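A short write-up of the structure that comes next.
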Amino acid sequence: MKSPAHRTRDIERQAGYLKPEHCAPPPPRSTSDTMWFIRDGCGIVCGIITWFLVFYAEFVVMFVMLLPAKSIAYSLFNGALFSGLAFLALASHAKAMCTDPGAVPKGNATKEFIESLQLKPGQVVYKCPKCCSIKPDRAHHCSVCKRCIKKMDHHCPWVNNCVGENNQKYFVLFTMYIALISFHALIMVAFHFVFCFEEDWTKCSNFSPPATVILLILLCFEGLLFLIFTAVMFGTQVHSICTDETGIEQLKKEERRWAKKSKWMNMKVVFGHPFSIAWLSPFATPDHGKADVYQYIV
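For the sequence shown, the UniProt record's numbering assigns the number 1 to the initial residue and increments by one for each residue that follows.
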C-alpha cells in the first residue's frame, strides 16, 4: 500500500494537475527585494535574543573576568580569541539569516516556463499548489517562508530562515562558533571562580561580589545550555551533509532519487570546491556546482 507522500507524487505526475493557466507570471524582482529577510515575528525575536546573548557573554568575559585578571597576556589572548570567535559567530548568523536559502521563483509554474523546459519523454515536473511554482527534486515548501526551498533541511527560528542549499554552510559555521565560544566561556568561568576563591572577592572583579556571582552563574548557565544545543545541532548537520540526506528527508523517510557521492564530496558541495581555509569563513561564498534541478527521469 502506498504512503500518502507517494499518492501525492502520483497525482502530481498527471499533466492536468499542473494547471499552468492558474498561475500568474512571477513579478519582476526589484532592487529593494535583493536582500533576503523573513518577516516572521517569532524568528525576528529569536534572532535578537541570539545577538543579545552573545553580547552579554562578551560583556561578562571582558568586564567581569578579563579586565581584573592579574596576567595581561592571559587577558589579551583570551579576549582576542573570544572576541574573534564571537564575531565569526555573529557574522555566520547574519549570513544564514540574510542569504536566500534556495527559494524557487514563486509563481513560475506558467505555460511559458513549462514549455521552456523542453521536457523529453519520461521526464516530469512537480508543481507546488501552495506557491504555484515548479518544484525541483528535493525541494520542500516552508510554511513560514511561504516558498519552496531547494534541499530544505529545516526552518530555524534562531536564524529566522530556512536552512537550505545556499546557506547551510553559514548555519553550520554558526553552530560551530557558538559551541566554541560557549566552551571557551565555561573554561574561563571555572578559572575565574578559582581565582576569586583564592583572592579577595573585591579584587577579582570591578563589580560587587553578589553581582559578580550572579553574572558568572548566568554566563555559566547560558554557556552550558548553548554548548549542548549547538554541539548536537552541529553534529546533526555534519551527519546530514555526509550522508547527503536533509533533516526533512530523514523525517519523511523519502525514497532516495539522487546519485550517491562520497562523504568528502558531499562536504565540498556544501562548503565549496576545493578544500581551503575559506571553509571556515562566513564571508566566502561556496561554489555548489551546477545541476539541472528542475527535471528528473522517472
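Where a beta carbon is used, it is the ideal one built from N, C-alpha and C, also for glycine.
This one's a predicted model, so the numbers in the text were calculated from it and none came from an experiment.
For residue i, which residues from the same chain have a beta carbon less than 7 Å from its beta carbon, with the 5 sequence-adjacent residues on both sides left out?
i, result
"I248", "H140, M152, D153 and H154"
"L180", "L85"
"A231", "A179"
"I44", "N160"
"Q128", "In the sequence as presented, Gln is not what sits at residue 128; that position holds Cys. Same-chain partners within the cutoff: K135, H141 and C148."
"L219", "A57, V60, A185 and V189"
Below 8 Å on the Cβ atoms is my guess for residue i versus residue j; work out the distance and round it to an integer in Å.
i, j, result
"V64", "T212", "6 Å"
"V104", "P136", "6 Å"
"A89", "Y170", "The pair is not a contact, with the Cβ atoms about 11 Å apart (cut-off 8 Å)."
"L173", "L280", "7 Å"
Would you report the Cα separation of residue i and residue j, rounded to the nearest angstrom?
i, j, result
"N161", "Q237", "16 Å"
"L85", "F59", "14 Å"
"V124", "I134", "10 Å"
"P210", "V189", "15 Å"
"R13", "K120", "Reliability fails at R13, whose pLDDT of 40 lies under 50, so the model's placement of it is uncertain and no value is given."
"C202", "F229", "It should be noted that the sequence gives Thr, not Cys, for residue 202. T202 and F229: Cα-Cα distance of roughly 34 Å."
"R256", "T246", "11 Å"
"Y177", "I48", "17 Å"
"F197", "A94", "39 Å"
"N266", "T285", "16 Å"
"F226", "S208", "27 Å"
"I214", "V194", "16 Å"
"S75", "C42", "37 Å"
"A234", "C156", "In the sequence under discussion, the amino acid at residue 234 is Phe, which differs from the Ala named in the question. C-alpha separation (whole angstroms): 13 Å."
"G79", "N108", "50 Å"
"S32", "D200", "Residue placement at S32 cannot be trusted, given a pLDDT of 44 that sits under 50; the coordinates are not used to answer."
"I187", "K146", "42 Å"
"P101", "I72", "43 Å"
Below 6 Å CB to CB, which residues in the same chain sit around residue i once its five sequence neighbours on both sides are set aside?
i, result
"S30", "With a pLDDT of only 45 at S30, under the threshold of 50, the placement of this residue in the model should not be trusted; the figure read from the coordinates follows. Same-chain partners within the cutoff: there are none."
"Q168", "V270"
"S205", "V64, P68 and T212"
"R138", "K151"
"W158", "C46 and T50"
For residue i, tell me which candidate among the options has the shortest Cα-Cα distance.
i, options, result
"I149", "I72, E165 and K253", "E165"
"P282", "T175, E222 and S208", "T175"
"S143", "A69, V45, F87 and D40", "D40"
"K106", "C132, K127 and M97", "C132"
"F37", "C98, A91, S92 and S83", "C98"
"K70", "I217, F234 and H192", "H192"
"D244", "A259, L251 and G223", "A259"
"K263", "I241, P274 and G272", "I241"
Please report the residue range of the alpha helix (DSSP H) in which residue i lies.
i, result
"I248", "G247 to K252"
"K169", "Q168 to E198"
"I228", "P209 to T243"
"K135", "Not the alpha helix (DSSP H): K135 falls in the beta strand (DSSP E), residues S133 to K135."
"K111", "K111 to S116"
Excluding the 5 residues preceding and the 5 following residue i in the sequence, name in chain order all residues of the same chain whose CB lies nearer than 8 Å to its CB.
i, result
"S277", "Per the sequence presented here, residue 277 reads as Ile, with Ser not at that position. Within the same chain, I277 has no close Cβ partners at all."
"L81", "H184"
The beta strand (DSSP E) spanning residue i covers which residue range?
i, result
"V269", "Run containing V269: none in the beta strand (DSSP E); it sits in the alpha helix (DSSP H), K263 to F271."
"V163", "N161 to V163"
"A139", "A139 to C142"
"C156", "H154 to C156"
"C46", "First-last for C46: G41 to F59, but that is the alpha helix (DSSP H), not the beta strand (DSSP E)."
"I149", "R147 to K150"
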